[in-house]
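In what follows, a structure is listed as structure tokens, so that the remarks can point back to it.
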């Protein structure tokens with residue numbers, strides 16, 4: 018009869034009206050929490066494991082190595098061209114696993130909701146999260162919801178933890194770059210960050226700017242299949258952009274990186290928006306492309322593999338690894354001049370992910 | 018030289034002065050982020066896996082079942098008698114694993130920090146988190162830090178995801194309560210919630226109220242060793258307290274639960290504080306005790322096992338499972354009167370964990 022009572026309560030409290038908002042009680046672990054779970058979360062994230070609603074989830078693993086990655090998402094605004102905080106939270110953690118050469122298997126989700134958030138907005142974001150997880154074939158197996166008072170949060174923060182398994186012998190790592198490696202990018206640079214800036218109204222236009230937020234694993238898997246252990250480095254250049262990612266790799270591997278300006282696939286709209294704001298596209302966050310390092314002799318075939326994937330049509334070899342200037346990334350222009358691409362001290366664009 | 022440059026920057030930016038505060042740039046993924054990681058997080062949370070600082074962490078598992086649990090912590094205030102958000106975030110996720118009969122192995126940590134938080138306060142909390150993790154023997158293997166603008170957060174939110182492995186054949190679950198089971202509690206009721214209320218100044222005194230926040234696994238392991246599959250249900254009654262936990266179990270198992278008022282170990286300070294605020298201790302959150310269900314014939318031995326542990330000195334058999342009134346929890350007084358202990362609609366005490 019407890020279950021019956023709960024059911025009756027649920028059907029009273031919901032379905033939701035268009036103006037219903039999150040109350041503190043939705044985070045209580047009581048009847049309102051149960052209603053939120055039943056009407057907002059389970060319909061979109063539901064799967065047999067999540068539906069058990071225990072203190073956690075149980076999944077079977079083979080013996081071997083598992084890979085774990087966690088990320089909190091605080092992007093503002095919550096919805097932007099090309100995605101929202103829900104799809105971004107899925108792609109972000111899955112991509113971190115992919116960058117370690119791991120096949121993503123499971124996701125957890127923790128929601129910190131500000132009192133007053135429209136239930137309809139939350140539901141749309143959860144639906145988008147569920148769509149992204151389903152498209153990637155990775156279920157959300159357990160989750161948690163907390164509510165904070167109005168003014169103590171900012172609509173919605175989402176933490177996701179991704180768990181994956183090693184896919185093959187590939188062991189890409191930031192310290193495995195070697196002189197002679199080619200530096201590849203899998204797609205256009207700077208789209209996510211500039212789409213967020215456009216959505217914030219910072220540009221006075223949105224236009225052609227759309228986030229690249231996407232699950233990278235299918236494209237990465239192709240590269241892993243091709244290159245195996247010769248895939249030296251993989252990195253998704255999110256916060257801090259391509260420049261920061263390459264600086265970290267150069268430092269970790271004790272090598273120099275030379276980028277060739279003319280080869281960088283930077284969309285015209287990103288260039289224009291960056292010029293308006295005085296930003297450098299190399300420091301702008303990406304959420305659907307990666308940099309890869311492999312021996313130069315394998316670069317052409319790697320490029321063909323990337324370009325065969327819809328997300329990789331603009332993949333390019335953009336530079337090379339050298340023994341000179343270890344720890345430094347240098348940009349070479351068509352005129353042969355060079356400038357150092359340094360690590361930024363702080364944020365160019367806060368709350369981009 | 019990138020590494021050298023980074024090192025130089027770190028020693029410039031830090032060690033921290035007593036008045037230093039978190040800036041947005043600490044969440045950028047740039048030099049300030051690196052400095053924060055090096056001077057605040059790694060000294061206290063560091064271990065060989067975390068120190069690799071990849072996009073995620075790699076750990077080895079045996080073939081079998083892993084258990085995963087995630088929780089976001091938004092407790093206010095950040096520090097309270099008996100703990101803080103850091104130790105609570107460790108205990109909370111580890112206890113969720115323990116409640117599923119899993120041995121905790123690894124933790125992840127995601128920090129959402131409000132601009133302006135004192136670095137010294139953050140560091141104290143991270144240290145407390147590290148101490149709790151070390152005491153439990155469970156390393157934090159990967160993490161993430163985000164910073165939000167002043168007024169868009171509330172000091173600090175922490176998400177932890179715990180990963181454990183099944184410890185034995187024990188399969189405690191909320192739907193396995195059976196008529197004839199005894200209901201045990203492992204320790205005193207209501208301490209965490211009332212310690213938080215005291216820390217908020219709601220009582221006008223703090224006095225004897227201290228949170229029970231603790232890692233339950235060592236005590237649970239003893240019970241699992243003793244009872245095996247006869248350990249039917251385990252639950253840590255956090256948000257919503259003992260009443261909500263028992264209601265969920267009664268509903269999931271389709272049984273009735275009868276509690277005996279006189280047997281409940283409720284500290285005098287908790288009773289007094291609850292009376293002042295018009296609260297019922299049965300609905301107050303706990304973070305260092307659990308309820309367990311096992312066949313009545315095994316209850317005495319189970320009780321001895323619990324009491325042999327320092328956290329279990331006040332363990333007690335507090336009730337029984339009946340076939341009557343399925344889904345309902347009933348409290349029986351010494352006079353023989355009964356009242357229904359229902360599920361609350363919303364929060365008694367928001368942001369208790």
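Chains as they are written, first to last, in the numbering used here: chain A, 18 to 370; chain B, 18 to 370.
Yeah, the Cβ is synthetic: ideal placement off N, Cα and C, and Gly gets one too.
Bear in mind the structure is a predicted one, so any value in this text is a computation, not a measurement.
By the rule that beta-carbons nearer than 7 angstroms mark a contact, residue 94 of chain B does not touch chain A. Judged by DSSP in its simplified three-state form, residue 312 of chain B adopts strand.
Around the CB of residue 221 of chain A, fewer than 16 other CB atoms lie within 10 Å, so the residue is classed as exposed. Scanning chain A for C-beta atoms nearer than 8 angstroms to the C-beta of residue 191 of chain B yields 71, reported in chain order. Between residue 236 of chain B and residue 326 of chain B, the beta carbon gap of about 4 angstroms places them in contact (Cβ cut-off 8 angstroms). Judged by beta-carbon spacing, residue 267 of chain A lies beyond the 7 angstroms limit of residue 259 of chain A, meaning their Cβ atoms are not closer than that value.
Counting the other CB atoms within 10 Å of its CB gives residue 178 of chain A a total of 16 or more, which places it among the buried residues. Straight across, the Cα-Cα distance linking residue 361 of chain A with residue 255 of chain A is about 14 angstroms.
At a cut-off of 7 angstroms, the C-beta of residue 161 of chain B has a neighbouring C-beta in chain A. Within the segment 113-134 of chain B, contact with chain A at the beta-carbon level (separation under 8 angstroms) is assigned to 113, 114, 116, 117, 119, 123, 125, 126, 127, 128 and 129. Excluding residues up to 5 positions away in sequence, 108, 111 and 153 lie with their Cβ nearer than 6 angstroms to the Cβ of residue 232 of chain B in the same chain. Close partners of residue 82 of chain B in chain A (Cβ separation under 9 angstroms): 75, 76, 77 and 78.
Using a Cβ-Cβ cut-off of 7 angstroms, residue 367 of chain A counts as an interface residue toward chain B, since at least one Cβ of chain B sits closer than that to its own.
Beta-bridge partners assigned by DSSP to residue 121 of chain A: A:181.
The shortest CA-to-CA distance from residue 285 of chain A to any of A:304, A:345, A:224 and A:92 is the one to A:224. DSSP places residue 356 of chain A outside any alpha helix (DSSP H); the residue lies instead in the beta strand (DSSP E), whose first and last residues are 355-357.
DSSP places residue 159 of chain A inside the beta strand (DSSP E), whose first and last residues are 157-165. The way I'd put it, the segment 63-70 of chain B doesn't touch the segment 54-74 of chain A; fewer than three beta-carbon pairs between them come closer than 8 angstroms. In terms of Cβ geometry, residue 104 of chain A and residue 149 of chain A form a close pair [threshold 7 angstroms]. Taking C-beta atoms as the reference points, residue 98 of chain B and residue 227 of chain B count as a pair closer than 7 angstroms. By the Cβ neighbour-count rule, residue 200 of chain B is buried, with 16 or more other Cβ atoms within 10 Å of its own. In the structure shown, the three-state DSSP call for residue 199 of chain B is strand. Residue pairing from DSSP places residue 78 of chain A in a beta bridge opposite B:81.
Leaving aside the five residues that flank residue 130 of chain A on each side, the residues in its chain whose CB is nearer than 6 angstroms to its CB run, in chain order, 39, 164 and 173. The beta strand (DSSP E) runs lying completely inside the segment 242-300 of chain B and spanning 3 residues or more are 250-252 and 273-277, given in chain order. Shown here, residue 369 of chain A sits in coil according to DSSP, grouped into three states, outside any helix or strand.
In this structure, the beta-carbon distance from residue 83 of chain B to residue 182 of chain B falls below 7 angstroms. Of all residues in the segment 250-263 of chain B, only 252, 253, 255, 256, 257 and 261 come within less than 8 angstroms of chain A when Cβ atoms are compared, listed by chain position. Per DSSP, the unbroken alpha helix (DSSP H) holding residue 103 of chain B starts and ends at 102-116. Of all residues in the segment 303-315 of chain B, none is placed with a Cβ closer than 7 angstroms to any Cβ belonging to chain A.
Our two residues, residue 217 of chain A and residue 94 of chain A, have alpha carbons roughly 7 angstroms apart in a direct line. For residue 176 of chain A, DSSP records a beta bridge to A:89 and A:127. Excluding the 5 residues flanking it on each side, residue 37 of chain B has same chain C-beta neighbours closer than 6 angstroms at 136, in chain order. Contact annotation: the segment 327-336 of chain B touches the segment 193-210 of chain B, with at least three C-beta pairs closer than 8 angstroms. Residues of chain A with a Cβ closer than 7 angstroms to the Cβ of residue 55 of chain B do not exist, since the nearest Cβ in that chain sits about 13 angstroms away.
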